[in-house]
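Have a look at the structure below before the remarks.
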Amino acid sequence: MKPILILLPALLLAPLAAPEAHGASTGPDGKALFDRNCGVCHSVNPPPKSAPPIVPIASAYHRQFASKAAGVSHMAAFLKSPSKAASKVDPEAITRFGLMPPVALGDAELKAVAGWVWDQYNPNMGQGVGGSQNGGNGNCR
Ligand code: HEC
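Residues 335 to 475 in my numbering are what the sequence shown lists, from first letter to last.
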């Protein structure tokens, strides 16, 4: 086989969708999207950068949505158009860090990155976002 014929399409398509490259069945790579579009503000684990870390955000979403589909769909809508009313994290996070700016990604990318965020849930770190001082929201479940 001529290597160039194999390599060229792979290089062109990799950033968009290369299911065989990262093991997911379909769609864009949520982790890569996160690294490119979100990591500048969000760390995955505490301590925070300029936004709440992803693991406690994922915990807040797991507490408030029964299914991944529902959580991811709400999160994708939030990323497109953040609002205080739609926020599912501790309100203290917005007080502390400000409201998140809208993300300029397509719907498929938003779903993929939201799915990756959802999957970062760690049951051993279930406390609320924004500190535990005001309690109440950190019920481990
Ligand atoms: C410019 C900084 C910045 C970038 C870039 C950014 N975020 Fe955020 N994000 C924030 C801040 C600040 C908050 C906390 C306030 C809030 O919830 O709006 C937040 C909150 C969130 C929340 C909680 C939403 C809720 O219910 O309140 C999620 C989920 C999230 N970000 C995911 C992402 C993802 C995924 C990306 C990349 C596609 C991203 N963020 C990029 C600053 C950022």
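By construction, the Cβ of each residue, glycine as well, lies at the ideal position given by its N, Cα and C atoms.
Query: Give the straight-line distance between the Cα atoms of residue 412 and residue 406, rounded to the nearest whole angstrom.; Result: 10 Å
Query: When you measure from the CB of residue 381 to every non-hydrogen atom of ligand 1, does any distance come out below 8 Å?; Result: no
Query: Return the Cβ separation of residue 394 and residue 445 in integer angstroms, given the expectation that the two are a contact with Cβ distance under 8 Å.; Result: Rounded, the Cβ-Cβ distance is 19 Å, inconsistent with contact.
Query: Taking the alpha-carbon of residue 401 as reference, which of 391, 449 and 372 has the nearest alpha-carbon?; Result: 449
Query: Just how far apart, CA to CA, sit residue 421 and residue 366?; Result: 24 Å
Query: When the Cα of residue 435 is compared with those of 387, 363, 416 and 360, which residue comes out closest?; Result: 416
Query: Quick check on DSSP: helix, strand or coil for residue 385?; Result: coil
Query: For residue 393, does the three-state DSSP call read helix, strand or coil?; Result: helix
Query: In the DSSP assignment, the alpha helix (DSSP H) including residue 420 goes from what residue to what residue?; Result: That residue, residue 420, is in no alpha helix (DSSP H); it is neither H nor E in DSSP.
Query: At which residues does the alpha helix (DSSP H) containing residue 279 begin and terminate?; Result: There is no way to answer for residue 279, as the model of the chain reaches only from 335 to 475.
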